[in-house]
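One structure is given below, encoded as structure tokens.
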Amino acid sequence: MARPRIRVIPLGGIGEVGKNCTVYEYRGDMIMVDLGTKFPEEEMRGVDLIVPDISYVVQNIDRLRAILLTHGHEDHIGGLPYLLPLLKSRAPIPIYGSALAIAYVRAKLDEAGVTNLAQFQIIEPRQQYRLGKHFTAEFIPVTHSIPGSFAIGLKTVLGWLVHTGDYKFDPTPPLGPPTDEARLREIGDEGVLLLLSDAVRVERPGHTPSEAVVSETLYRTIGAAKGRVVLTSFASNITRIDQAIRAGYRHGRRVAISGRSMEQSTRIAMELGYLTPPDGVIVPVDVATKLPRDQVLFLTTGSQGEASAALARIASGEHPAIRIQKGDTVIFSATPVPGNEETVSQTIDQLFRRGADVIYSAIEPTIHVSGHASREELKFMLRLIRPRFVIPIHGEYRHLSLYRDLAMDVGYGEQQVLIPDLGCEISLGRDSARREGTVESGAVLVDILGNRNVILRQRSEIAKAGVIIATMIVDRESGNLIAGPDVSAQGLDGQIEPWVLERAEEELKKFLEKRQKGGFSYGYLVSRTKNVLSRQIYRHAKMRPMIMPVISEL
Ligand SMILES: [Zn+2]
Ligand SMILES: [Zn+2]
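Numbering-wise (the working numbering), the sequence shown opens with residue 1072 and increments by one.
Rendered as structure tokens:
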């Protein structure tokens, strides 16, 4: 009989940045590492989020022993509220992670009303957790842009499997411990069969600069600002939020947080003691807006140009409390994720138009540094771990390909570096690694139609079920509606009566006319169009077809 082999199946994060998810299997035990989301590309109108297709896990649910989380970023945990319900036949599912990652997941599951599907285990470094008969997991601290980030080691009789998660080697991290090089080296000494390494920054030579550099730049730019300062970053970049609060505080500014996801992420991080702002520095938004302009710092969501986020509303003048005027400063302490460049540059333009001084990385390169390892750090990880085989993950195809070259520079042979496709089964024995079959995989589209009203859609089903298309033309400069909206059904063959569509179109028209003043931002139009139409069509036809707003700018 053939010796049992380990199987590794990436279900997300390969050939893309986002929706990270990897399955490890050995002799009837299955472990899942991370379950993230991805932002849709701009052409995917009407889709709110993308999550991995986990049909394979659902079909083999009796083997699933646990879901392990490397850290609390959306691209690693965001899929849980949508996908955990698919695993409910084996609920509660054990979920392991840092206190912070678990608290974020718990908040998401609470909101979705599915907390009962999970059984949480907060991990401690240097502890080992037995998972099923054949895996033992250990979490090894790494530096990233959020505290509570870990590489995960899975011990098997064939050797260790090390999954780095997102990491870098920051010798002077402002929050949390540095990467535990000593433990990684020890694991390397014990024998590592396979390393899965974050590869997303492989294009960058040298080392990623320390976060300490960003702290200095923030201190300097906030110090130079005359009016209000609005700083945007990822809601879950807790390290950056801490740096910004401290920089603001040192310049005598109070700090107010605007944007639901950032309010929530900072509140949780403070409750757990990861964030410890000086007393009294954090104030509510309505208090901050009454303070003199040079004594306040707003931290907001929207660094990716997201339409519904606080910054987009500040930029378009729609924010209920925060107004920008000439002489105010807006700081982007983040870079756009691939695919978001265009919406981010539109937001920057809008802010300039309002008279703000906008600071972003093209102007001030150290206003942000990546949370990911550059080339020398990637090599250093290989030297610490010394795996027999290596698979790059967390990257577009070019990143994976460049990582293979890097590994070969360090002395790895071509057969030792595997670049899988999504759903590809990599099979490993003590001395061999090969690609075997593939499992069902890909993208599932998440359509959010208001509170707790979420629909998961497979692409093939959308084609079958039909879509509602709403077209309109908007003046690129003023944002005013020039023509439309026009609502039509495609592939719904008589399932929706014409009067329902006409009524829905009427309602949308009325809504848009009422909100015309001051123009529209693209994303606002997308989300409101979906909401108005979906409500109308559900009311009259009791259906929830996919709604695709097609907005042309002239
Ligand atoms: Zn991350
Ligand atoms: Zn990530």
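Ideal Cβ placement from N, Cα and C applies to all residues, glycine included.
These numbers were taken from a predicted model, which means no experiment stands behind them.
One thing to note: threonine 1279 has its Cβ no nearer than 8 Å to the Cβ of serine 1404. Sorted by chain position, residues whose beta-carbon lies closer than 5 Å to a non-hydrogen atom of ligand 1 are His1144, Asp1237. Bounds of the beta strand (DSSP E) holding lysine 1226 are 1221-1227. Judged by DSSP in its simplified three-state form, histidine 1147 adopts helix. Excluding the 5 residues flanking it on each side, phenylalanine 1460 has same chain C-beta neighbours closer than 6 Å at Leu1265, Gln1487, Ala1504, in chain order. Note that the C-beta distance between valine 1185 and tryptophan 1231 is not below 8 Å. Listed as beta-bridge partners of aspartate 1518 by DSSP are Ile1526. Taken in chain order, no unbroken stretch of beta strand (DSSP E) lies wholly in the stretch 1276-1302 with a span of 3 residues or more. Partner residues in the beta bridge of aspartate 1100, as assigned by DSSP, are Tyr1097.
Closest option to proline 1276, judged by alpha-carbon separation, among His1443, Lys1361, Ser1268, Thr1509: His1443.
The stretch 1371-1384 makes contact with the stretch 1291-1305: 3 or more CB pairs, one atom from each, lie closer than 8 Å. When beta bridges are read from the DSSP output, serine 1559 appears opposite Ile1540. Taking C-beta atoms under 8 Å as the contact rule, threonine 1108 and glycine 1089 qualify, at a distance of about 7 Å. Asparagine 1091 has its CB nearer than 7 Å to a heavy atom of ligand 2. Under the 10 Å beta carbon count, tyrosine 1468 is surrounded by fewer than 16 other beta carbons and is classified as exposed. At a Cβ-Cβ threshold of 8 Å, leucine 1267 and isoleucine 1312 do not count as neighbours. By the Cβ-count criterion, glycine 1099 is exposed, with fewer than 16 other Cβ atoms from all chains shown falling within 10 Å of its own Cβ. DSSP places glutamate 1576 inside the alpha helix (DSSP H), whose first and last residues are 1569-1585.
Counting of Cβ neighbours within 10 angstroms places valine 1481 among the exposed residues, the total staying below 16. Boundaries of the beta strand (DSSP E) harbouring arginine 1078: 1077-1083, taken from the DSSP string.
A residue is called buried once 16 or more other Cβ atoms fall within 10 Å of its Cβ, and isoleucine 1438 is buried on that count. For threonine 1243, the secondary structure class from DSSP, reduced to helix, strand or coil, is coil.
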